[in-house]
Amino acid sequence: MLLVVVALILVSFGFMVAVLITGTSLFAWISVGVSLLAFTLLVTEWILTRRRRRAESDQAKIITAEQAAEATAERPAVPEDGEADPEDPGEEDTDAADALLIPQIDAEVRVVDEYPRYHLARCPWLSGRETLPLQLSEARELGFTPCDRCRPDANLATLARAQHPKATALEDYPED
Numbered sequence: 352m353l354l355v356v357v358a359l360i361l362v363s364f365g366f367m368v369a370v371l372i373t374g375t376s377l378f379a380w381i382s383v384g385v386s387l388l389a390f391t392l393l394v395t396e397w398i399l400t401r402r403r404r405r406a407e408s409d410q411a412k413i414i415t416a417e418q419a420a421e422a423t424a425e426r427p428a429v430p431e432d433g434e435a436d437p438e439d440p441g442e443e444d445t446d447a448a449d450a451l452l453i454p455q456i457d458a459e460v461r462v463v464d465e466y467p468r469y470h471l472a473r474c475p476w477l478s479g480r481e482t483l484p485l486q487l488s489e490a491r492e493l494g495f496t497p498c499d500r501c502r503p504d505a506n507l508a509t510l511a512r513a514q515h516p517k518a519t520a521l522e523d524y525p526e527d
C-alpha cells in the first residue's frame, strides 16, 4: 500500500510540473485530487493496521488467558490457610523421649521451599524437588516440622541412641 501512495504522490508532483509548464489550472486540480487520494489511502492503511494490531493483541491475551486456565487446571489448587496441602507429607508424631533428644543431635536435614517439613536426605517425597540443606536445630528454629514419611526425629533419635548405647539420661549424651 505504501508503494501505491508513493506512486500517487509522484503522479501528483508530475501534474504540478505540468501546471507550471502549461499554466492550466485543470492540472492543478488533478494534482490536488491525486494528493487527497494518496492521503486517504495512507489514513485508511493506518487505521486498518491499528485495528489489526489490536485484534492480534486481543487474540494473544485470549490465548494467554486460556493457557493460564489450563495451567491452573493441571496444578493442584493452593490450599487456603488451615487446609492441608495434598502434596504435603504431613507431620511426624514425635515420641516424647525423642523430642527431648532431638535438640542435642547435630545432623543435617533437607527442606523444600514453601513446604513446612524437614526431611532426611533419603526421603522418597523429596525426589524431583529442589532441596535446601539445613542443620536440624536451625530447621526447628525456623518452624519446620518433621516429615511423617521419612520420620527424621525417630530415625535420628534411634541413630543417636545406637551411637551412645550406655547413655540413660539426656545429660549422658555428649555434646558435639
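This note's numbering puts the first residue of the sequence shown at 352, with every later residue one more than the last. For each residue, glycine too, the CB sits at the ideal point set by N, CA and C.
Residue range of the unbroken alpha helix (DSSP H) whose run includes residue i
i: Thr509; result: 503 to 514
i: Met367; result: 353 to 373
Option in the options with minimal Cα separation from residue i
i: Glu363; options: Val385, Leu371, Leu477, Leu377; result: First, the residue type needs correcting, since residue 363 is Ser and not Glu in the sequence shown. Comparing Cα-Cα distances from Ser363 to each of Val385, Leu371, Leu477, Leu377, the minimum goes to Val385.
i: Pro484; options: Glu465, Thr445, Leu507, Val460; result: Val460
i: Glu443; options: Thr375, Asp504, Ser478, Ala513; result: Asp504
i: Ile381; options: Leu399, Trp476, Leu359; result: Leu359
i: Thr496; options: Gln514, Arg404, Val357, Gly441; result: Gly441
i: Phe390; options: Ser408, Phe366, Val357, Thr375; result: Val357
i: Leu392; options: Arg402, Thr373, Gln410, Leu354; result: Leu354
Check whether residue i and residue j have beta carbons under 8 Å apart
i: Arg473; j: Cys501; result: yes
i: Leu312; j: Ile456; result: An answer regarding residue 312 cannot be provided, because it is not within the stretch 352 to 527 covered by the chain.
i: Thr482; j: Val463; result: yes
i: Ala511; j: Leu452; result: yes
i: Ala379; j: Val368; result: no
i: Asp449; j: Tyr466; result: no
Counterpart residues of residue i in DSSP-defined beta bridges
i: Leu483; result: Val462
i: Thr445; result: None; Thr445 has no bridge partner.
i: Pro497; result: Tyr469
Own chain partners of residue i with C-beta closer than 7 Å, once the 5 adjacent residues on each side are dropped
i: Glu396; result: Met352
i: Ala490; result: Val460, Val462, Tyr469
Endpoints, the beta strand (DSSP E) within which residue i is located
i: Arg468; result: 468 to 470
Same chain, Cβ closer than 6 Å to residue i, neighbours up to 5 away in sequence not counted
i: Leu507; result: Ile456, Ala458
i: Trp476; result: Pro440, Arg500
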